[in-house]
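Scroll down for the structure; my scribbles are underneath it.
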Amino acid sequence: DAGITQSPRYKITETGRQVTLMCHQTWSHSYMFWYRQDLGHGLRLIYYSAAADITDKGEVPDGYVVSRSKTENFPLTLESATRSQTSVYFCASSDMVREQYFGPGTRLTVT
Amino acid sequence: DAKTTQPTSMDCAEGRAANLPCNHSTISGNEYVYWYRQIHSQGPQYIIHGLKNNETNEMASLIITEDRKSSTLILPHATLRDTAVYYCIVRPLGGKLIFGQGTELSVKP
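Residue numbers (my numbering), protein chains in the order written: chain A, 1 to 111; chain B, 1001 to 1109.
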């Protein structure tokens, strides 16, 4: 089905572990984004990508790594998870001028 | 990017029009007004956007003042399913979305 999907939907991991959140879109949108949402902070941009192999930092990039080898995928990796990275993560995509479409979110808990 | 100011919360009776205000007094000439909403536990959903003229789609209407310093999102016949946080964002086409705290709209029976 067309759309934007995220996996896993729920993840529990331990402090110090590496974890990768996946994002896949079927529209061939050039732009993709990662946000985190915490109580009291709203949605904050972590990283975004304008095209395959082009990525840039958002408001809160520390502790995260992204890659974009294919247009349709934009994985987000926490190289060494910390408790402060417990959050809900949303992926989004758009073409250059239109609105962003958001995925259903991944709820990550770091213990 | 210009900053927006919205009321923290609003109530609306089911079936009535919900009018959500947004101030953006520092908006630049190339910045559009976008509205998104987020229903609890879901990803944000695009509603509407505009530059100068009023806009209407199947979800809502957007009224932008002539000086572009404020706007109002109108949900003409609010339902319980419209209960959500509504975000007003100003940005140029293709620019980043910067979410504020939004307005928590509660539609009551």
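Here a beta-carbon is modelled for each residue, glycine too, at the ideal position from N, C-alpha and C.
CB of residue i within 8 Å of CB of residue j, strictly
i       : j       : result
A/D56   : A/Y48   : yes
A/T111  : A/T15   : yes
A/F74   : A/C23   : yes
A/S87   : A/Q18   : no
B/L1093 : B/Y1046 : no
B/I1039 : B/K1052 : no
A/R68   : A/D53   : yes
A/Q6    : A/P104  : yes
A/G58   : A/L45   : yes
Classification of residue i by the beta-carbon crowding that lies within 10 angstroms, buried from 16 upward
i       : result
B/G1015 : exposed
B/H1024 : buried
B/P1044 : buried
B/Y1036 : buried
B/H1049 : buried
A/M96   : exposed
B/T1111 : Outside the displayed span of chain B (1001 to 1109) sits residue 1111 of chain B, for which this structure offers no information.
A/A92   : buried
Backbone CA spacing between residue i and residue j [nearest angstrom]
i       : j       : result
A/P61   : A/L43   : 13 Å
A/H29   : B/R1081 : 29 Å
B/V1090 : A/W27   : 25 Å
B/S1041 : A/A51   : 29 Å
A/H41   : B/E1055 : 30 Å
B/N1030 : A/T13   : 44 Å
Rounded distance between the beta-carbons of residue j and residue i, thought under 8 Å
i       : j       : result
B/T1103 : B/P1007 : 5 Å
B/K1069 : B/I1027 : 7 Å
A/R138  : A/T106  : Since the first residue shown for chain A is 1 and the last is 111, residue 138 of chain A is missing from the structure and cannot be characterised.
Cβ contact (3+ pairs, closer than 8 Å) linking the region 1064 to 1082 of chain B and the region 1019 to 1031 of chain B: yes
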